[in-house]
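Peer 1: Residue numbers (the working numbering), protein chains in the order written: chain S, 19 to 161; chain R, 2 to 204.
Below is one structure. I have some questions about it.
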């Protein structure tokens, strides 16, 4: 094991299991475990840049590993409710159900569409070195 | 000629989550896309909603219109199924279906009893095929239920088995949400974390 690998694995700021860059399939979501009980999704954005996030949809907790990644539109679509996220910023772009249920969406007092949170997939920051990605605990785009 | 059948199943989920998932129509065409690739709400009258739904059996596709009535807290009756458009050849021209799905709390455990009752009113010449129809309906219902249970159990693992805050949240759309909040809102007082909060905490 390389020295850097050893140092990173012992660093409490990082999850202990690195992601092997060579094992990542291009143009699709890769599902990896970075710690006991912690799973992430990762895809390569371009050379040396990666989108990494917890395997949890911020809306209802769906596995993002089952989401549909579209490189052409730059979106991720959750499999459970179809919510569409920007695959760069992680911000929610569209709820396709608004069209499917538009005729009945205003019928219930306890539903207020204006209070729907702006869901966002939080990107995890990382260090890439020696063919491995070391994922940092905490989110990159957290405000 | 009437053919009736029933399926009763104990599901390892809470009643509030079972009913919440049924009313959470936003997942229908996505999670259950394999059996219902299209679905639009056409009309709402009281506790009755009329849908137009596309169905898929392998390579075959069809569409139908139907009405579902909600009897709170956990009973749903689906009836008045018609093909769409009307001229399209369909079983609905000759078979009348009434489907009742009831969710009740298990009397002894913190689980849910799902009762699926179907009544098929069919002409005599279809009678020999009643078991085939029953099998298709049971399989479709089972597949849909398994997908729902998988979703609910994952959410229970992440947010807690009694956490229905995502269904109760003001910004989340549910069918007949006012009834749902009235019946299940009080029992969820102890679960205050929204999924977004819980997910953020997990980071």
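Glycine included, each C-beta is placed from N, C-alpha and C at the ideal position.
Being a predicted model, the structure only gives us computed values, none of them experimental.
Using only CA atoms, which one of 158/R, 73/R, 40/R lies nearest to residue 63/R?
Peer 2: 40/R
Peer 1: Using 8 Å as the threshold, is the C-beta distance between residue 103/R and residue 70/R below it?
Peer 2: no
Peer 1: Which same chain residues, not among the five before or five after residue 58/S, have their C-beta less than 7 Å away from its C-beta?
Peer 2: 50, 52, 70, 71, 72, 73, 142, 153
Peer 1: Per DSSP, what kind of secondary structure is residue 54/R in: helix, strand or coil?
Peer 2: strand
Peer 1: Return helix, strand or coil for residue 128/S, following the three-state DSSP convention.
Peer 2: coil
Peer 1: Please classify residue 117/S as buried or exposed, where buried requires at least 16 neighbouring CB atoms within 10 angstroms.
Peer 2: exposed
Peer 1: Suppose you measure from the CA of residue 46/S to the CA of residue 173/R; what does that come to, to the nearest Å?
Peer 2: 30 Å
Peer 1: Return no unless some Cβ of chain S is closer than 8 Å to the Cβ of residue 75/R.
Peer 2: no
Peer 1: Going by DSSP, what residues sit across from residue 48/S in a beta bridge?
Peer 2: 60/S
Peer 1: Find the residues of chain R that neighbour residue 99/S, judging by a C-beta separation of less than 9 Å, and give them in chain order.
Peer 2: 25, 27, 28, 31, 32
Peer 1: Suppose the cutoff is 7 Å on Cβ atoms and the five residues either side in sequence are ignored; what does the same chain contact list for residue 107/R look like?
Peer 2: 11, 113, 114
Peer 1: Do we get a CB-CB distance below 8 Å when we pair residue 103/S with the residues of chain R?
Peer 2: no
Peer 1: Within 10 angstroms of the Cβ of residue 72/R, are there 16 or more other Cβ atoms? Answer buried if so, exposed if not.
Peer 2: exposed
Peer 1: Check each candidate in 83/S, 68/S, 97/S and name the one with the smallest Cα separation from residue 28/R.
Peer 2: Looking only at 83/S, 68/S, 97/S, the smallest Cα-Cα distance to residue 28/R is reached by 97/S.
Peer 1: Give me the residue from 127/S, 94/S, 125/S with the minimum Cα distance to residue 4/S.
Peer 2: Here chain S covers residues 19 to 161 and nothing more, so residue 4/S does not appear.
Peer 1: For residue 88/S, write down the residues that DSSP places opposite it in a beta bridge.
Peer 2: 93/S
Peer 1: Would you mind telling me which residues of chain S sit closer than 9 Å to residue 159/R, beta carbon to beta carbon, in chain order?
Peer 2: 74, 79
Peer 1: For residue 26/R, does the count of other Cβ atoms within 10 angstroms reach 16, so buried, or fall short, so exposed?
Peer 2: buried
Peer 1: Tell me, please, whether the CB atom of residue 30/S is closer than 8 Å to any CB atom in chain R?
Peer 2: Chain R, which has no Cβ nearer than 8 Å to the Cβ of residue 30/S, makes this no.
Peer 1: Starting from the C-beta of residue 77/S, find all residues in its chain whose C-beta is less than 7 Å away, skip the five residues before and the five after it, and write them out in chain order.
Peer 2: Hits under 7 Å: 96, 99, 101, 137.
Peer 1: Name the residue from 97/R, 159/R, 154/R, 167/R whose alpha carbon lies nearest to the alpha carbon of residue 55/S.
Peer 2: 159/R
Peer 1: Relative to the C-alpha of residue 182/R, which residue among 4/R, 131/R, 21/R, 92/R is closest?
Peer 2: 21/R
Peer 1: Can the beta-carbon of residue 17/R be found closer than 8 Å to that of residue 165/R?
Peer 2: yes
Peer 1: Residue 56/R touches chain S at which residues, Cβ-Cβ below 7 Å?
Peer 2: Ordered by position in chain S, no residue passes the 7 Å Cβ test against residue 56/R, which lies about 16 Å from the chain.
Peer 1: Return the CA-CA distance between residue 122/R and residue 169/R, expressed in angstroms with no decimal places.
Peer 2: 38 Å
Peer 1: Once DSSP output is grouped into helix, strand and coil, what is the label at residue 139/R?
Peer 2: Looking at residue 139/R - three-state DSSP - the assignment turns out to be helix.
Peer 1: Taking the beta carbon of residue 30/S as the centre, do at least 16 other beta carbons fall within 10 Å, making it buried, or is it exposed?
Peer 2: exposed
Peer 1: Under 6 Å Cβ to Cβ from residue 135/R, same chain only, skipping five residues before and after it: list those, please.
Peer 2: 6
Peer 1: Quick check on residue 160/S: buried or exposed, where buried means 16 or more other Cβ atoms within 10 Å of its Cβ?
Peer 2: Here the model assigns residue 160/S a pLDDT of 48, short of 50, so the residue's position is not dependable, and the following value carries that caveat. The residue is exposed, with fewer than 16 neighbouring Cβ atoms inside 10 Å.
Peer 1: If you follow the beta strand (DSSP E) that residue 8/R is part of, which residue opens it and which one closes it?
Peer 2: 3–12
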